[in-house]
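Numbering (my numbering), first residue to last: 81 to 393.
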């Protein structure tokens, strides 16, 4: 296993860690408005309050690792897709501001406005993450230098939009599992318990439709699974985790349901990475223009130095 592969795996672990840990924060934000009273919304905030900002460190570390190990891919993603990533950054910043400012005044209008901001920014961030995943699967147009040559509208293909909705449903499901686990017993927990079923059902429908769409419309995405039969184990783990969520909820085992939801997300991130391999950015117009873990990588010396720093730090 060479350094390029090791850095690709490290990026996958960082992305999976972020998706699992910040996913329930974003999901709690998406479900925030189902809490009808100020007290219940405060309970939602308190459930994620001690950890939401720490979870975002995973995303910052992912960006830093991508820049250090694969600078060409970093440049293409963050310069060519400047507008959507600025929208994502705005959503994440506004979400943090909403959490911090909500309790500064007791005015119902003030708190209601920040509640809407918390909900809207969580929804937008989740949707944009999904759109990014969808475009990663189908690819984006690149020239021979690896620069993005498409348009903003071109990024909003039906597949990318479906991926966006799927991630929204997945994070909402994960957030519902977390809130069901953390909230005290009572009316609010019962209401969240109902939303566990709603969000799981919506995710299941989009998950099945997205999987069928991928198999039919993006056959190259499954090529690596044919070359690496061991990947079937991840697929099986993913299916079992999805199926275990309603079983755990029905048996009133919220921690087990939350773990199953986390395993579902982690398995999907690994399957996404396997579908991309060895590409980091797939060129939809010409496969020869794709940025891979080899043609977009830093020098071997840089990869070694960064790997030693990461291993010891």
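Idealized CB from N, CA, C, for every residue including glycine.
Computed from a predicted model, the values in this text were never measured in an experiment.
Beta-carbon proximity check, residue i vs residue j, cutoff 8 Å
i           : j           : result
residue 178 : residue 190 : no
residue 109 : residue 181 : no
residue 305 : residue 354 : yes
residue 359 : residue 341 : no
residue 255 : residue 111 : yes
residue 376 : residue 257 : no
residue 228 : residue 143 : no
residue 241 : residue 124 : no
residue 63  : residue 149 : Outside the modelled stretch of the chain, which goes from 81 to 393, sits residue 63, for which no answer is possible.
residue 97  : residue 138 : yes
residue 141 : residue 94  : yes
residue 90  : residue 390 : yes
residue 156 : residue 339 : no
residue 201 : residue 153 : no
residue 363 : residue 236 : no
Whole-number beta carbon distance between residue j and residue i, since they are thought to touch under 8 Å
i           : j           : result
residue 92  : residue 350 : 6 Å
residue 268 : residue 115 : 7 Å
residue 220 : residue 230 : 6 Å
residue 99  : residue 345 : 5 Å
residue 216 : residue 239 : Their Cβ separation, rounded to whole angstroms, is 11 Å, which puts residue 216 and residue 239 out of contact at 8 Å.
residue 279 : residue 249 : 6 Å
residue 334 : residue 261 : 4 Å
residue 276 : residue 263 : With a Cβ gap of about 12 Å, residue 276 and residue 263 do not count as contacting.
In DSSP terms, what residue i is bridged to
i           : result
residue 316 : Partner(s): none; residue 316 has no beta bridge.
residue 371 : 361
residue 383 : Paired residues: none, contrary to the question.
residue 222 : 228
Classification of residue i by the beta-carbon crowding that lies within 10 angstroms, buried from 16 upward
i           : result
residue 225 : exposed
residue 374 : exposed
residue 129 : exposed
residue 121 : buried
residue 332 : exposed
residue 134 : exposed
residue 162 : exposed
residue 330 : exposed
residue 107 : buried
residue 320 : exposed
residue 210 : buried
residue 322 : buried
residue 173 : exposed
residue 266 : exposed
residue 299 : exposed
residue 313 : exposed
residue 85  : exposed
residue 119 : exposed
residue 187 : exposed
residue 292 : exposed
residue 253 : buried
residue 379 : exposed
residue 301 : buried
residue 328 : buried
residue 307 : exposed
residue 274 : exposed
residue 212 : buried
residue 232 : exposed
residue 392 : exposed
residue 297 : exposed
residue 318 : buried
Minimum Cβ-Cβ distance from residue i to chain D less than 8 Å
i           : result
residue 287 : You won't find chain D in this structure, because it holds only one protein chain.
Exercise. Within the chosen definition, does the region 272-289 reach the region 241-251 through at least 3 CB pairs nearer than 8 Å?
Worked result: yes
Exercise. Does the count of Cβ pairs from the region 155-175 and the region 199-207 closer than 8 Å reach three?
Worked result: yes
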